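Engineer: Okay, so the sequence shown: first residue is 1 according to this note's numbering, each after it adds one. By construction, the Cβ of each residue, glycine as well, lies at the ideal position given by its N, Cα and C atoms. Source: prediction; values computed, not measured.
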Amino acid sequence: MTNAHRPILVTGFEPFDGEAINPSWELARALDGETIAGHRIVAVQLPCVFGASLTVLHGAIARHDPAVVLAVGQAGERSQLSLERVAINIDDARIPDNAGAQPLDVAIIPGAPSAYFSSLPIKPMLAALRQAGIPAEISQTAGTYVCNHVFYGLMHALDQRPGIRGGFLHIPYLPEQAVLHPGAPSLSLSVAIEGVRVALRAALA
Ligand code: PCA
Numbered sequence: 001m002t003n004a005h006r007p008i009l010v011t012g013f014e015p016f017d018g019e020a021i022n023p024s025w026e027l028a029r030a031l032d033g034e035t036i037a038g039h040r041i042v043a044v045q046l047p048c049v050f051g052a053s054l055t056v057l058h059g060a061i062a063r064h065d066p067a068v069v070l071a072v073g074q075a076g077e078r079s080q081l082s083l084e085r086v087a088i089n090i091d092d093a094r095i096p097d098n099a100g101a102q103p104l105d106v107a108i109i110p111g112a113p114s115a116y117f118s119s120l121p122i123k124p125m126l127a128a129l130r131q132a133g134i135p136a137e138i139s140q141t142a143g144t145y146v147c148n149h150v151f152y153g154l155m156h157a158l159d160q161r162p163g164i165r166g167g168f169l170h171i172p173y174l175p176e177q178a179v180l181h182p183g184a185p186s187l188s189l190s191v192a193i194e195g196v197r198v199a200l201r202a203a204l205a
């Protein structure tokens with residue numbers, strides 16, 4: 001397939017840590033089927049589970065042969081869209097995943113590189129977001145839980161597939177989640193959705 005006809009894969013996670021929803025999946029499913037810069041968005045939900053999340057992600061990449069992969073996750077303590085710069089080769093879980101596993105200080109892929117950088121143009125994406133009036137930042141760590149696990153596994157797989165660019169975006173709680181965490185920052189779904197449109201357009205420009 002030519003690049004123009006290959007889809008954009010946007011992944012979001014199922015809820016975790018006692019939440020009823022995960023804003024990353026609300027966002028991904030809202031964008032499913034939309035076209036950005038000539039590329040159709042395909043949304044896929046990932047389990048919040050070490051290992052299984054990557055099995056689903058790798059299956060989706062094989063099935064859809066996307067031009068771009070944007071994995072998205074919830075970061076409840078953050079106040080703006082957070083473009084992740086780097087994935088690190090470590091699992092160190094603060095809480096058990098949705099299957100009850102809590103890996104501590106273990107390599108995601110033993111012997112593989114310590115880290116991979118996002119292959120999305122995060123600075124132009126940041127500039128486009130700010131230009132559009134959407135609060136955003138570059139983040140220097142995606143943590144050591146399932147999001148970093150997925151980001152690392154994504155970049156490790158794409159290292160062998162130079163025709164596919166990929167990266168990770170953390171997003172705040174939605175307002176309806178933040179009311180249950182007094183004082184926590186939040187961002188509305190409509191702003192987050194528009195932010196992903198703006199960021200993807202910049203990435204594909
Ligand atoms: N956020 C978690 C995992 C799933 C999600 O949405 C994280 O930041 O690791």
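1) List the endpoints of the continuous beta strand (DSSP E) containing H149.
2) Below 8 Å, how does it come out for the region 136-152 and the region 46-62: are there three or more Cβ pairs, yes or no?
3) Enumerate in chain order the residues of its own chain whose CB-to-CB distance from M155 is below 6 Å, with the five nearest sequence positions on each side excluded.
4) What three-state label does DSSP hand R165 in the structure shown?
5) Give me the residue from T11, I36, V198 and E26 with the minimum Cα distance to A127.
6) Roughly how many whole angstroms lie between the Cα atoms of Y186 and A192?
7) Within 8 Å, do at least three Cβ pairs link the region 18-37 to the region 132-141?
8) In the DSSP assignment, find the beta strand (DSSP E) that holds L46 and state where it starts and stops.
9) Going by beta carbon distance, what residues of the same chain come within less than 6 Å of V56, once the five residues before and after it are set aside?
10) Taking 7 Å as the cut-off, is the C-beta of A75 nearer than that to any heavy atom in the ligand PCA?
11) Check each candidate in G59, L31 and E84 and name the one with the smallest Cα separation from K123.
12) Just the C-alpha distance for R78 and V42, rounded to the nearest angstrom, thanks.
13) Would you tell me roughly how many angstroms separate the C-alpha atoms of I61 and I109, rounded to the nearest one?
14) Quick check: the region 97-107 against the region 162-173, are at least 3 beta-carbon pairs closer than 8 Å?
15) Measure the CB-CB distance between A184 and L120 and report whether it falls below 8 Å.
16) Spatial neighbours of M125 within its chain, please: CB distance less than 7 Å, with the 5 preceding and 5 following residues excluded, ordered by chain position.
17) Leaving out five residues on either side along the sequence, give the residues of the same chain with a beta carbon under 8 Å from the beta carbon of R40.
Structural biologist: Inspection of the coordinates gives the following:
1) Walking along the sequence shown from the start, residue 149 turns up at place 149. That residue, H149, is in no beta strand (DSSP E); its alpha helix (DSSP H) goes V146 to L158.
2) These segments touch.
3) Within the sequence shown, numbered from 1, the residue matching residue 155 stands at position 155. Here the set comprises A87 and Y116.
4) For the purposes of this step, residue 165 is taken as residue 165 along the sequence shown, with counting starting at 1. R165 falls in the strand class under three-state DSSP.
5) Here residue 127 is taken as the residue at index 127 of the sequence shown, counted from 1. Comparing Cα positions, the closest option is V198.
6) The sequence position of residue 186 within the sequence shown is 186, counting from 1. The sequence position of residue 192 within the sequence shown is 192, counting from 1. It is worth fixing the name first, because residue 186 is Ser in this sequence and not Tyr. Approximately 10 Å, taken between the alpha carbons.
7) no
8) Mapped onto the sequence shown, residue 46 falls at position 46. For L46, the enclosing beta strand (DSSP E) has its first and last residue at H39 to L46.
9) Position 56 of the sequence shown, counted from the start, is the residue given in the question as residue 56. L46, listed in sequence order.
10) Locating residue 75 in the sequence shown gives position 75, counting from the first residue. Yes, the beta carbon of A75 sits closer than 7 Å to at least one heavy atom of the ligand PCA.
11) Against the sequence shown, residue 123 aligns to sequence position 123. The candidate whose alpha carbon is nearest that of K123 is E84.
12) Working through the sequence shown from its first residue, we reach residue 78 at position 78. Working through the sequence shown from its first residue, we reach residue 42 at position 42. Each residue's alpha carbon lies about 26 Å from the other.
13) Here residue 61 refers to the residue found at position 61 of the sequence shown. Here residue 109 refers to the residue found at position 109 of the sequence shown. Each residue's Cα considered, the two are about 19 Å apart.
14) no
15) Against the sequence shown, residue 184 aligns to sequence position 184. Against the sequence shown, residue 120 aligns to sequence position 120. Against a cut-off of 8 Å, the Cβ pair of L120 and A184 comes out as no contact.
16) The sequence position of residue 125 within the sequence shown is 125, counting from 1. Closer than 7 Å at the Cβ level, and outside the excluded window around M125, lie L83, A199, A202 and A203.
17) Locating residue 40 in the sequence shown gives position 40, counting from the first residue. Excluding positions up to five away in sequence, the list reads P7, I8, G33 and E34.
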